[in-house]
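Per our numbering, residue 16 is the first one in the sequence shown, and the count goes up by one each step.
Where is the CB? At the ideal position from N, CA and C, for every residue including glycine.
Below: one structure, written as structure tokens.
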Amino acid sequence: MLKTIDVSRAFPIQGEEDFYALKKVNVHIEKSRLTVLVGKSGSGKTTLMNILGALDPPTEGKVLFEGQDIAQLPETERCRLRRKKVGYVFQSVALIPLMTALENVAFALRLAGEKRGLEDRALECLRLVGLEKRAGHLPQELSGGEQQRVAIARAMAHRPSILFADEPTAELDSGTALQVAHIFRDLTDKEGITVVMTTHDRELATIGDKIYALEDGEIIAGN
Ligand SMILES: Nc1ncnc2c1ncn2[C@@H]1O[C@H](COP(=O)(O)OP(=O)(O)OP(=O)(O)O)[C@@H](O)[C@H]1O
Ligand SMILES: [Mg+2]
């Protein structure tokens, strides 16, 4: 469904040679599976995730998304692809503070171009993350883990082909982090959603069907 072929990403550094944050990376993201990218801070997880999610183009290499090479797609095309096919969950939740959990999810659906059944779909997604009873709560009335679950509901509500989560558990205690990781596990197992998640926690990473370990911009292990 999504694969990279020898993807590299260089950043220009003033007065120095380019810095390669990714070096000839080959990963294969399979449909309806949970893929985890694990590595220390600075290993290149976010850089790779942003390339996989069409947020950023690689310097070299191919990114095949549903058969199409998206590596050198113009920004407008990448933007359309992101809106329709991709969902994102970030480390910091960033829900809209004046909207309830339900309204946050419904609002994201409207931004994605949906017009009907917004609230029904929003409630269904909150149910999938175990939060239907909190639908009327404002973000400040939810725990950190609950807020992150609303963010997951929001990211998947428009039925993206693929869901990306960059360190979604980094700001949570280890128990809550595990709960949130299990939500992704359930979304793949029960809903067939394709998920790519990053973490620096090697133990948490074992929840993945497929685990790629990154070090200094290179894949050092992948099963
Ligand atoms: N815009 C940029 N310009 C220069 N170097 C960059 C830029 N963005 C990232 N880097 C470098 O690329 C490397 C990989 O960064 P990246 O954000 O992908 O790491 P990460 O694995 O996500 O780390 P973390 O766990 O801290 O989020 C780092 O050494 C970083 O300093
Ligand atoms: Mg990162």
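Distance, residue j Cα to residue i Cα
i      : j      : result
Arg97  : Tyr35  : 25 Å
Thr74  : Ala220 : 28 Å
Arg24  : Val144 : 35 Å
Ala69  : Lys130 : 25 Å
Pro154 : Thr209 : 27 Å
Lys39  : Val51  : 18 Å
Gly1   : Glu230 : Outside the displayed range of the chain (16 to 238) lies residue 1, so it cannot be described from this structure.
Leu63  : Leu37  : 7 Å
Phe26  : Met212 : 23 Å
Thr91  : Ala127 : 15 Å
Ile28  : Lys55  : 22 Å
Ala180 : Tyr103 : 6 Å
Where the alpha helix (DSSP H) containing residue i begins and where it ends
i      : result
Ala166 : Gly159 to Met171
Thr61  : Lys60 to Leu67
Lys46  : Element bounds for Lys46: n/a, residue is neither H nor E.
Lys225 : It is not in any alpha helix (DSSP H) - Lys225 instead sits in the beta strand (DSSP E) that spans Lys225 to Glu230.
Phe179 : No alpha helix (DSSP H) contains Phe179, which is instead part of the beta strand (DSSP E) from Ile177 to Asp181.
Member of the options whose CA lies at the smallest distance from the CA of residue i
i      : options                           : result
Pro183 : Ala192, Pro175, Ser158 and Glu147 : Ala192
Val108 : Asp201, Lys225, Val195 and Gly232 : Val195
Gly82  : Leu187, His197 and Met16          : Met16
Asp21  : Val78, Ile28 and Lys46            : Val78
Pro89  : Thr19, Leu124 and Asp71           : Asp71
Gly159 : Gln106, Phe122 and Ala137         : Gln106
Thr300 : Pro27, Gln87 and Ser47            : Residue 300 lies beyond the stretch modelled for the chain, which goes from 16 to 238, so this question has no answer here.
Glu139 : Gly232, Gln162 and Ala172         : Ala172
His152 : Ile234, Thr214, Glu206 and Asn119 : Asn119
Check: residue i C-beta below 7 Å from any heavy atom of ligand 1
i      : result
Phe26  : yes
Ala36  : yes
Ser239 : Since the displayed the chain opens at 16 and closes at 238, residue 239 lies outside it and no answer follows.
His215 : yes
Endpoints, beta strand (DSSP E) assigned at residue i
i      : result
Gly132 : Careful: Gly132 lies outside any beta strand (DSSP E) and carries neither H nor E.
Ser23  : Leu17 to Phe26
Leu79  : Glu75 to Phe80
Worksheet item: Which residues have their C-beta within less than 7 Å of a heavy atom of ligand 2, listed in chain order?
Response: Summarising the contact set, residues whose Cβ lies nearer than 7 Å to any heavy atom of ligand 2 are, in chain order, Lys60, Thr61, Asp181, Glu182 and Thr213.
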